[in-house]
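Number of protein chains: 2
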Amino acid sequence: MVTIADVAERAGVSKTTVSHVLSGKRPVAAATRERIEQVIEELGFRPNALARSLRMQRTQMVALILPDITNPYYPMLARGLQDALVEEGYHAFLCNTDGDKEQEAAFIADAVQRKVDGIVLASLYSRTQDVDEYIKNGAIFVSLSSAIVHPEVDRISSDNEQGAILATRYLLECGHQRIGMIGSSLEQHPSSTRLKGFRKALEEASISFDDTLFAQGDFTRAGGARAMRKLMEQPDRPTAVFCANDLMAIGAMDTAHELGLRIPENVAIIGYDDIEAASLVSPKLTTVLNPAYEKGKAAGQLLLERVRGKYKGPGRHVFIPPRFIKRESA
Amino acid sequence: MVTIADVAERAGVSKTTVSHVLSGKRPVAAATRERIEQVIEELGFRPNALARSLRMQRTQMVALILPDITNPYYPMLARGLQDALVEEGYHAFLCNTDGDKEQEAAFIADAVQRKVDGIVLASLYSRTQDVDEYIKNGAIFVSLSSAIVHPEVDRISSDNEQGAILATRYLLECGHQRIGMIGSSLEQHPSSTRLKGFRKALEEASISFDDTLFAQGDFTRAGGARAMRKLMEQPDRPTAVFCANDLMAIGAMDTAHELGLRIPENVAIIGYDDIEAASLVSPKLTTVLNPAYEKGKAAGQLLLERVRGKYKGPGRHVFIPPRFIKRESA
DNA sequence: ATGAAAGCGCTAACAC
DNA sequence: GTGTTAGCGCTTTCAT
Chain A
1 MVTIADVAER
11 AGVSKTTVSH
21 VLSGKRPVAA
31 ATRERIEQVI
41 EELGFRPNAL
51 ARSLRMQRTQ
61 MVALILPDIT
71 NPYYPMLARG
81 LQDALVEEGY
91 HAFLCNTDGD
101 KEQEAAFIAD
111 AVQRKVDGIV
121 LASLYSRTQD
131 VDEYIKNGAI
141 FVSLSSAIVH
151 PEVDRISSDN
161 EQGAILATRY
171 LLECGHQRIG
181 MIGSSLEQHP
191 SSTRLKGFRK
201 ALEEASISFD
211 DTLFAQGDFT
221 RAGGARAMRK
231 LMEQPDRPTA
241 VFCANDLMAI
251 GAMDTAHELG
261 LRIPENVAII
271 GYDDIEAASL
281 VSPKLTTVLN
291 PAYEKGKAAG
301 QLLLERVRGK
311 YKGPGRHVFI
321 PPRFIKRESA
Chain B
1001 MVTIADVAER
1011 AGVSKTTVSH
1021 VLSGKRPVAA
1031 ATRERIEQVI
1041 EELGFRPNAL
1051 ARSLRMQRTQ
1061 MVALILPDIT
1071 NPYYPMLARG
1081 LQDALVEEGY
1091 HAFLCNTDGD
1101 KEQEAAFIAD
1111 AVQRKVDGIV
1121 LASLYSRTQD
1131 VDEYIKNGAI
1141 FVSLSSAIVH
1151 PEVDRISSDN
1161 EQGAILATRY
1171 LLECGHQRIG
1181 MIGSSLEQHP
1191 SSTRLKGFRK
1201 ALEEASISFD
1211 DTLFAQGDFT
1221 RAGGARAMRK
1231 LMEQPDRPTA
1241 VFCANDLMAI
1251 GAMDTAHELG
1261 LRIPENVAII
1271 GYDDIEAASL
1281 VSPKLTTVLN
1291 PAYEKGKAAG
1301 QLLLERVRGK
1311 YKGPGRHVFI
1321 PPRFIKRESA
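Going down the list, the protein sequences come from chains A and B. The numbering used here puts the first residue of the first sequence at 1, with every later residue one more than the last. The numbering used here puts the first residue of the second sequence at 1001, with every later residue one more than the last.
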C-alpha cells in the first residue's frame, strides 16, 4: 500500500505539495509538479478515498434504496439517477431491500453511517417519521414515495391515486361492474395509494367496494399469479382486474392463460408502471405509465443541488403526471 | 455530528471502553455497559463507518461491475451476489458501466480507491492484463468474464462457446443453411466467444462463415432490431438468426414483425441468457440458459472466502454448463 | 512556492 | 475492567 507520504519522501517534498498536485488547489512549480507526477506513476500511487472522505466530510456517493432490483422498473430508475450523477462526479450505490421492512431500515441506517452525500428513497415502507431523525442530523434525502412528505425533503411524485383512477375509470367505461384489484400489503405505500384511487373511481360510479375482490400479490409476477388464482376461483368472479404493478399484471395473465380464460374477452387486465415487458406480453398489457427514468433523473438533479449547497430551501415537489396507456389487455 | 468521544465524555469513560461495548471485543462491566448504551441512545450516536473502515482496513463492501443494469440478466446476477453477501454482513455496490470501455476502467479504479473488499467483474472489455496491476496491489477480484483468466482470480464461467454451438447446431438440424448472427463489437468478449462457437458449429456442418451474415447489435433491444434490419434487407437473406443475447433477439423479433415475417416459419430466431422476458414474448424465445442468479451467488461465495482469508490458494474455476432451451421461435 | 502540524473518527496495542 | 496513546491516509490552516 503506497501512500501520499511515500510519494512525498521519494520526491523530496512534503505531503502538502503532493496533495496539491493531486487537487490542483494551489500552484506548484512546474518542475516540482513533474517530479511528483513521475513518482506517482513509478509507485503506482492511488489516493485512498476513505481517508479523503473522512477528512473532507464528503464521499461523492449517493445511495438508492429500492425494493426489488429484478423489477425492471427500478433499474430504469437507477439509470436515470446515474445519468444525473455520473457526469457531476458522483456515484450511485444501489441497495436492494428485497421488499423487507427491516432490511429497508437497515440499509438506510447503513447508508447514513457510510456517510453517503445523499439518499434517494424509492421505498415501500418508510414513512416521514422514520427519516426525520436522520434529517435533523443533516442527512439529505430525496423521496420517491408519497409516504415520505417532509418539509425539508425534495419529492418526486406522479400521483398514484390519479393513475389508479384513470385505469379504473377506463374499465368502468368498458362496462365492467365487478372489478377486482391485485395490490399488496397495505403497509406498502404505493399499493395503498393505488387502492385509494381504485376505490374512488368505483365510488364515482356508485359501485361499492367488495373486499373479496382485493388480493395481495407482493409486487412480483409469481405473487400476481397467486392472487389472480384467488380472485378467479371465487363463485362470482370479477370480469376485470386492476393490478398495482405490471409484474403482478403479467402474473395475473399467466393465471388467466392457465385457467383457459381469454384476455380481455373473459377477463380484462390492467397494470401499472409500463415496464418494457408490458409491451412484450401477449396480449399487450394496458397500463399506466409511471416514468421511471425521468423520476430517477429528476431525483438526481434535486439531490445534487442540495448536496452542493446550491439550494437550501424547503422541500420541492416535482410532479410527473401518470398517463393511461391503452393496449390490448383491456 | 456526535462522535465516540462525545459518548465517552458524557458517560465518564474512555473512548476505548465505548468502542468495546460497540464491538463486544472485550468484556465491559455490566453497569458501565448500560450507562454507555444509554448515552448512545440519548445522543443518537452512530459510528462513522468511514473512520472505522480507514482504521480497520476493510469496508464490508463489494463492488459489482456490470455493463447494463436495464438488461434483466444483470439484476438477477446482482440478486444472487447480494444473497451470498448480505447474510455475511457484506454489502454489494453496483456499478453500471453503460457498455463503455472507459467507464468500465474508471469504475474499477474507483472501487479500488474506495477500498472495497472485493470486486466482481461482469465486464465486457477488461482483460487479464487490465486487472493484473490491481491484483499485485492486493485487490481481490472474481471474474465472470472469460476474458479475465488470472492465476490468482476465481472465475465463474459457463462456456459461451459451447452454448453458441448448441444453439447453432439446433438450427442446422432444423435444416437451415443460411444462418445469420447478431453479436456486438468484437472487443466485447462474450460476443466474440459466442461468435467463435457459432463458427465452429458451421464448420462442423461444412458451411463456410459469411461475414455479410454477421451484424452488430450492442446487446440492446434497439440495437438488435437495427442489426436484424440490416441482415434482412440483404438480397440473399438468412433463414435463421442466432443472437448473442435475448435482448437483441427480442429486438430482432420486433423487426421481423415489422417486416411482416413470421417466426419461425420465415425466419427462426434464437437468443442467449434466458431472461424472464424470453418466455414472455410471442412466439416464446428459444434460447440458451445462462444462469445469472447462480453465477452471482457463486461469485459472492468465492469472493467471501478469499476476503475473509479462508481461502488463499490459486484461482478456482466454477463451471456452470449452458443449457439449450427449446421454445417456439426456432 | 513550500512545509509543519493538527485532526477527520475510529480501533487496538500496551499499559495498569 | 479500564485508560493512554498511536496511528489509519488524507487535507488544510497557518507559517515561512
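Don't be surprised by glycine CBs; every beta carbon is placed ideally from N, CA and C. Remember, it's a predicted structure, so these values are computed and weren't measured experimentally.
In the DSSP assignment, the alpha helix (DSSP H) including residue i goes from what residue to what residue?
{"i": "His-1091/B", "result": "Per DSSP, His-1091/B belongs to no alpha helix (DSSP H); it is in the beta strand (DSSP E), 1091 to 1096."}
{"i": "Gln-1082/B", "result": "1073 to 1086"}
{"i": "Arg-52/A", "result": "49 to 56"}
{"i": "Ser-1023/B", "result": "1015 to 1023"}
{"i": "Thr-287/A", "result": "Premise fails: Thr-287/A lies in the beta strand (DSSP E), 287 to 289, not in any alpha helix (DSSP H)."}
{"i": "Ser-1192/B", "result": "1189 to 1204"}
{"i": "Gly-44/A", "result": "Segment: none, Gly-44/A is in no alpha helix (DSSP H) and carries neither H nor E."}
{"i": "Ile-108/A", "result": "101 to 113"}
{"i": "Ile-1004/B", "result": "1004 to 1011"}
Drop a sphere of 10 angstroms on the beta-carbon of residue i, count the other beta-carbons inside from all chains shown, and report buried for 16 or more, exposed for fewer.
{"i": "Gln-1216/B", "result": "buried"}
{"i": "Phe-242/A", "result": "buried"}
{"i": "Gly-1260/B", "result": "exposed"}
{"i": "Arg-52/A", "result": "buried"}
{"i": "Phe-319/A", "result": "exposed"}
{"i": "Met-232/A", "result": "buried"}
{"i": "Asp-211/A", "result": "exposed"}
{"i": "Ala-256/A", "result": "buried"}
{"i": "Met-1248/B", "result": "buried"}
{"i": "Glu-104/A", "result": "buried"}
{"i": "Ala-30/A", "result": "exposed"}
{"i": "Ala-49/A", "result": "buried"}
{"i": "Arg-1114/B", "result": "buried"}
{"i": "Arg-194/A", "result": "buried"}
{"i": "Ala-201/A", "result": "buried"}
{"i": "Asp-236/A", "result": "exposed"}
{"i": "Ser-206/A", "result": "exposed"}
{"i": "Ser-126/A", "result": "buried"}
{"i": "Gln-1129/B", "result": "exposed"}
So, for residue i: in the same chain, excluding its five sequence neighbours on each side, which residues have a beta-carbon less than 6 Å away from its beta-carbon?
{"i": "Leu-304/A", "result": "Glu-88"}
{"i": "Gly-118/A", "result": "Val-62, Ile-140, Leu-303 and Val-307"}
{"i": "Val-1112/B", "result": "Tyr-1134 and Ala-1139"}
{"i": "Glu-1328/B", "result": "Pro-1283 and Lys-1284"}
{"i": "Ala-1292/B", "result": "Tyr-1073, Met-1076 and Leu-1077"}
{"i": "Ile-1004/B", "result": "Lys-1015 and Val-1018"}
{"i": "Val-39/A", "result": "Val-7, Arg-10 and Ala-11"}
{"i": "Tyr-1090/B", "result": "Gln-1060 and Val-1062"}
Would you call the CB atoms of residue i and residue j closer than 7 Å?
{"i": "Ile-269/A", "j": "Met-253/A", "result": "yes"}
{"i": "Ser-158/A", "j": "Asn-290/A", "result": "yes"}
{"i": "Thr-97/A", "j": "Arg-178/A", "result": "no"}
{"i": "Ser-145/A", "j": "Ser-123/A", "result": "yes"}
{"i": "Val-86/A", "j": "Phe-45/A", "result": "no"}
{"i": "Arg-1316/B", "j": "Asp-1068/B", "result": "no"}
{"i": "Ala-11/A", "j": "Arg-33/A", "result": "no"}
{"i": "Val-116/A", "j": "Thr-59/A", "result": "yes"}
{"i": "Leu-280/A", "j": "Val-1281/B", "result": "yes"}
{"i": "His-1020/B", "j": "Val-1028/B", "result": "yes"}
{"i": "Ala-1330/B", "j": "Val-1120/B", "result": "no"}
{"i": "Leu-66/A", "j": "Leu-1094/B", "result": "no"}
{"i": "Lys-310/A", "j": "Ile-156/A", "result": "no"}
In its own chain, which residues sit with a C-beta less than 7 Å from the C-beta of residue i, not counting the 5 before and 5 after it?
{"i": "Ala-1277/B", "result": "Pro-1072, Asp-1246 and Ile-1250"}
{"i": "Pro-1322/B", "result": "Ser-1158, Asp-1159, Gln-1162, Gly-1163, Leu-1166, Val-1288, Leu-1289 and Asn-1290"}
{"i": "Asp-110/A", "result": "none"}
{"i": "Phe-1198/B", "result": "Ala-1164, Thr-1168, Met-1181 and Phe-1242"}
{"i": "Val-13/A", "result": "Thr-32 and Ile-36"}
{"i": "Leu-1022/B", "result": "Pro-1047"}
Considering only residues of the same chain and omitting the five flanking positions on each side of residue i, which have a CB-CB separation below 8 Å?
{"i": "Lys-297/A", "result": "Gly-80, Leu-81, Asp-83 and Ala-84"}
{"i": "Ser-1192/B", "result": "Gly-1183 and Leu-1186"}
{"i": "Pro-151/A", "result": "Pro-314 and Gly-315"}
{"i": "Lys-312/A", "result": "Arg-306"}
What is the residue span of the beta strand (DSSP E) that residue i lies within?
{"i": "Arg-226/A", "result": "Note, Arg-226/A: premise wrong, no beta strand (DSSP E); alpha helix (DSSP H) at 221 to 232."}
{"i": "Gly-180/A", "result": "179 to 183"}
{"i": "Ile-270/A", "result": "268 to 270"}
{"i": "Val-62/A", "result": "61 to 66"}
{"i": "Val-1318/B", "result": "1317 to 1319"}
{"i": "Ile-1119/B", "result": "1118 to 1121"}
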